[in-house]
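Those protein sequences? They're chains A and B, same order as listed.
Note that the first sequence ends on residue 416 in this note's numbering; no numbers are left out.
Note that the second sequence ends on residue 416 in this note's numbering; no numbers are left out.
In this text, a Cβ means the ideal position worked out from N, Cα and C, and glycines have one as well.
Protein chains: 2
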Amino acid sequence: MQKYGGTSVADPDRIKAVAEHIVATRRAGNDVVVVVSAMGKTTDELEALAHQVSSAPAAREMDMLLTSGERISIALLCMAIIDCGEHAVSYTGSQAGIVTDTTHRKAKIVDVRAERLRDALDGGAVVVVAGFQGVSTESDVTTLGRGGSDTTAVALAAALQAESCEIYTDVTGVFTADPRLVPDARRLDRLSYEEMLDMAATGSRVLALRSVEFARNHGVRVHVRSSFTWEPGTWVVEEDEAMEQAIISGVTHDTSEAKITLSHVPDRPGVAAKVFRALADEAVNVDMIVQNVSMADHTDISFTLPKEDLSRAKKVMEQLVEDVGASGFTPDEGIGRVSLVGAGMKTHPGVAATMFEVLAHEGVNIEMISTSSIRISCVVQEADVEKAVRALHAAFELDQPSKAQA
Amino acid sequence: MQKYGGTSVADPDRIKAVAEHIVATRRAGNDVVVVVSAMGKTTDELEALAHQVSSAPAAREMDMLLTSGERISIALLCMAIIDCGEHAVSYTGSQAGIVTDTTHRKAKIVDVRAERLRDALDGGAVVVVAGFQGVSTESDVTTLGRGGSDTTAVALAAALQAESCEIYTDVTGVFTADPRLVPDARRLDRLSYEEMLDMAATGSRVLALRSVEFARNHGVRVHVRSSFTWEPGTWVVEEDEAMEQAIISGVTHDTSEAKITLSHVPDRPGVAAKVFRALADEAVNVDMIVQNVSMADHTDISFTLPKEDLSRAKKVMEQLVEDVGASGFTPDEGIGRVSLVGAGMKTHPGVAATMFEVLAHEGVNIEMISTSSIRISCVVQEADVEKAVRALHAAFELDQPSKAQA
């Protein structure tokens with residue numbers, strides 16, 4: 011199973027390079043199933059077109075529109091493979107048996123009926139499948155949302171019991187930090203599903219969160235690597251298979267969120283429920299939530315949310331301040347989140363303390379903290395994010411594989 | 011039933027104009043089914059892309075590729091209709107139940123299973139269907155070849171027993187001659203299926219030949235009109251409904267063909283069969299065939315063929331000259347065909363004689379002649395085509411409706 015992202019098939023030359031790699035894999039004696047995204051900026055261009063004909067494009071029609079993007083890339087890739095002398099057949103999501111629920115624009119896969127692909131593989135063909143798309147239980151065309159092609163690839167790898175799922179992208183793997191911020195960031199050879207989940211949830215853009223969840227739930231071994239250098243990349247596998255157990259696998263950051271603090275809220279049961287129910291009803295995607303210790307029967311509640319949900323959230327908050335008897339609320343768009351992720355954290359106390367010391371030493375003020383068993387996240391001012399990431403990467407010696415091991 | 015060609019939906023503004031017209035039709039109390047082609051030059055651009063990744067793009071994959079074009083236009087058109095406040099749902103050829111044979115790139119419709127469209131219409135939706143495409147009996151995506159969207163529209167009109175099939179295009183109807191050549195060419199209000207068939211076969215580009223055959227076979231009343239002016243255009247109907255029975259409906263011309271003459275062929279049984287079997291085996295699309303009266307046991311055979319088939323035909327002829335004992339062959343790319351079409355010809359002798367006199371008077375040499383009951387075609391030198399068309403249009407007074415009537 012191989013998956014190629016949009017940059018990997020951005021133009022005819024890239025498509026030919028990918029075709030050659032696929033043909034080499036096939037000629038090495040492997041059955042090959044390929045999942046492809048739309049070429050380069052195709053999806054963005056189609057979305058722009060939609061907004062030119064409609065102020066609020068209908069979701070069902072948006073799915074019909076966007077799925078033409080992968081249809082173009084699968085056909086072109088098959089042509090290029092056939093030109094290299096191998097048999098190849100393209101399949102839309104629907105033809106490949108990717109059955110989803112009926113939620114347009116972010117459908118969930120409910121079944122994979124891969125008989126047709128199995129027959130094609132048995133017939134000796136390279137199978138090329140359109141990523142990101144499926145057909146709903148009501149026979150409508152659906153899309154899987156952001157990162158949907160990764161999910162298609164992992165789902166098909168599970169259904170076809172593929173040896174592994176290679177995700178080809180424009181980076182060479184998963185790094186200990188974003189290399190654009192930290193020049194000595196190191197590519198990880200292996201990490202566990204859980205670590206990858208926490209890294210994806212806190213800012214790593216290499217793999218979509220849902221595809222990692224799917225891989226973990228179905229035990230699909232994922233190999234993230236580059237279609238530009240073709241060198242081995244990062245394996246995402248079961249924890250016990252991830253032999254080199256690092257305390258910290260990486261530092262991630264995310265500046266796509268905003269923060270809202272609701273001040274001087276009466277500290278009585280049901281208040282938090284009221285606040286977050288009202289936000290959920292307006293489809294505001296709340297991420298971190300922190301409630302301070304109560305002082306004189308009142309408390310502050312802070313939460314983070316995607317910046318694009320902020321204007322909707324503000325309307326909800328205006329109403330809520332009155333309803334719950336708070337003194338007011340403060341939105342802050344200028345925040346960022348810095349996180350440490352590592353499975354070894356579970357057995358190594360003191361990581362959080364070290365993290366806070368490092369940030370204090372850099373003069374970075376911590377505004378919110380949240381933790382899981384393998385992750386510590388701190389919300390800081392957006393302007394401090396780069397400094398914080400670099401300092402943490404250096405303090406935990408993430409550039410040196412031996413030091414980072416448990 | 012309304013069908014919109016590529017120029018009618020070439021850009022977002024055009025799509026919005028078409029959406030408004032559809033909404034007006036719907037609000038006048040009609041059930042509306044719309045068939046759409048790909049936007050403007052999309053199909054050409056996709057074909058060019060295919061040739062950048064493959065020297066000989068696989069037909070199955072070319073169909074997968076090209077069908078993305080209508081997928082884009084149906085989705086955008088639905089969004090625009092929904093923006094105007096009407097309910098609209100898009101369907102690919104496959105979803106619309108257009109079942110074809112397995113001949114990629116020029117599939118034939120073998121069945122129309124329109125239940126899903128009927129349900130959508132019953133639910134009050136405007137139904138928008140991708141033209142030019144279908145799904146084969148083996149569940150592969152197919153396309154119907156040149157003019158395929160017209161055929162989709164006519165086939166759906168037949169299956170849904172639509173009142174009529176409106177074909178919206180960038181001209182206002184079918185004219186007595188090409189208005190670019192003959193400024194006083196007149197738009198015809200009505201003409202019979204047979205006349206339209208002969209006009210399409212001899213150079214009129216307004217309707218694809220196959221869609222007219224389909225309309226005739228299923229009695230679908232076709233209305234060809236402009237999506238730029240929205241004025242009434244030309245009706246193509248049964249002959250007895252075409253009340254104003256003209257002797258001549260129009261002059262057509264075609265300069266896309268070449269001519270080959272095989273000289274001094276022994277005049278014995280089986281020679282013509284041998285010649286045209288050999289050409290058919292190489293997929294050379296022979297159109298007109300004329301064999302001269304035999305002189306001293308030898309004869310000449312001339313035929314016309316599409317210019318793009320000429321190089322293949324030449325190879326066949328080189329071999330044949332020897333095989334059949336001819337003296338040689340002469341290809342000629344510089345020819346054109348001028349035709350007179352009119353149902354009234356059947357009952358009005360002398361049309362052919364007049365045609366030949368007119369051409370002689372203009373000094374135009376006739377190289378080949380072929381006739382049907384409602385058509386006379388003459389092959390002339392390509393340089394004489396315009397002059398011939400203008401002279402015939404004037405001689406038969408086609409600019410004056412009253413004069414052209416029987």
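- In the structure shown, residue 271 of chain B falls within a strand segment according to DSSP collapsed to helix, strand and coil.
- In terms of CA proximity to residue 239 of chain A, A/180 leads the group A/89, A/382 and A/180.
- Secondary structure at residue 98 of chain B: strand, using DSSP grouped into helix, strand and coil.
- The C-beta of residue 13 of chain A has 16 or more other C-beta atoms within 10 Å across all chains shown, which makes the residue buried.
- With 16 or more other Cβ atoms from the protein chains shown falling within 10 Å of its own Cβ, residue 213 of chain A counts as buried.
- Per DSSP, residue 142 of chain B lies in no beta strand (DSSP E) and is assigned neither H nor E.
- Around residue 392 of chain A, the same chain offers 265, 344, 345 and 346 as residues with beta carbons nearer than 7 Å, after the five sequence neighbours per side are excluded.
- Of all alpha-carbon atoms in B/405, B/310 and B/231, the one lying nearest the alpha-carbon of residue 377 of chain B is that of B/310.
- Cβ neighbours of residue 157 of chain B within its own chain (closer than 8 Å, five residues either side excluded): 217, 218, 219, 220 and 221.
- Fully enclosed alpha helix (DSSP H) runs of no fewer than 4 residues occupy 52-63 and 69-93 of the stretch 42-95 of chain A, in order along the chain.
- Listed by position along chain A, the residues whose Cβ is nearer than 8 Å to that of residue 59 of chain B are 22, 82 and 86.
- Under the three-state reduction of DSSP output, residue 260 of chain A falls in the strand class.
- Taking CB atoms only, residue 305 of chain B has no neighbour in chain A less than 9 Å away.
- From the beta-carbon of residue 90 of chain B, the residues of chain A found nearer than 8 Å are 63 and 64.
- Restricted to the stretch 361-398 of chain A, the beta strand (DSSP E) segments that are unbroken, complete and at least 3 residues in length are 378-382 and 385-391, listed in chain order.
- Contact annotation: residue 114 of chain B and residue 187 of chain B have beta-carbon atoms that are not nearer than 9 Å.
- Only buried fits residue 160 of chain A, as 16 or more other CB atoms lie within 10 angstroms of its CB.
- Counting along the chain, residue 342 of chain B sits inside the beta strand (DSSP E) bounded by residues 338-342.
- Rounded to the nearest whole angstrom, the CA to CA distance from residue 302 of chain A to residue 247 of chain A is 37 Å.
- Note that the C-beta distance between residue 270 of chain B and residue 207 of chain B is not below 9 Å.
- Under the three-state reduction of DSSP, residue 179 of chain B is assigned to strand.
- What residue 236 of chain A touches in chain B, judged by beta-carbon distance under 8 Å, is nothing: the nearest beta carbon there is about 21 Å away.
- Taking a Cβ-Cβ threshold of 9 Å, the residues of chain B close to residue 93 of chain A are 63, 64, 65, 66, 67 and 68, in chain order.
- For the set A/380, A/286 and A/233, the Cα lying nearest the Cα of residue 329 of chain A is the one of A/286.
- For residue 32 of chain A, no chain B residue has a Cβ inside 7 Å of its Cβ, as the nearest lies near 13 Å away.
- With its beta carbon at least 9 Å from every one in chain B, residue 143 of chain A lies outside the interface.
- In this structure, the CA atom of residue 141 of chain A is about 19 Å from the CA atom of residue 149 of chain B.
- Assigned with DSSP and collapsed to three states, residue 19 of chain A falls in helix.
- Assigned with DSSP and collapsed to three states, residue 235 of chain B falls in strand.
- Its Cα nearest to that of residue 353 of chain A, the residue A/384 stands out among A/173, A/277, A/384 and A/371.
- The residue from A/308, A/305, A/332 and A/341 with its alpha-carbon nearest to that of residue 322 of chain A is A/341.
- For residue 113 of chain B, the three-state secondary structure derived from DSSP is coil.
- In this structure, residue 267 of chain A sits near residue 297 of chain A, with a CB-CB distance shorter than 9 Å.
- The C-beta of residue 120 of chain B has fewer than 16 other C-beta atoms within 10 Å across all chains shown, which makes the residue exposed.
- Restricting attention to beta strand (DSSP E) runs no shorter than 3 residues, the stretch 286-363 of chain B encloses them at 299-301, 308-316, 338-342 and 345-351, ordered along the chain.
- With respect to the 9 Å criterion, residue 289 of chain A and residue 334 of chain A are not classified as neighbours on the basis of their beta carbons.
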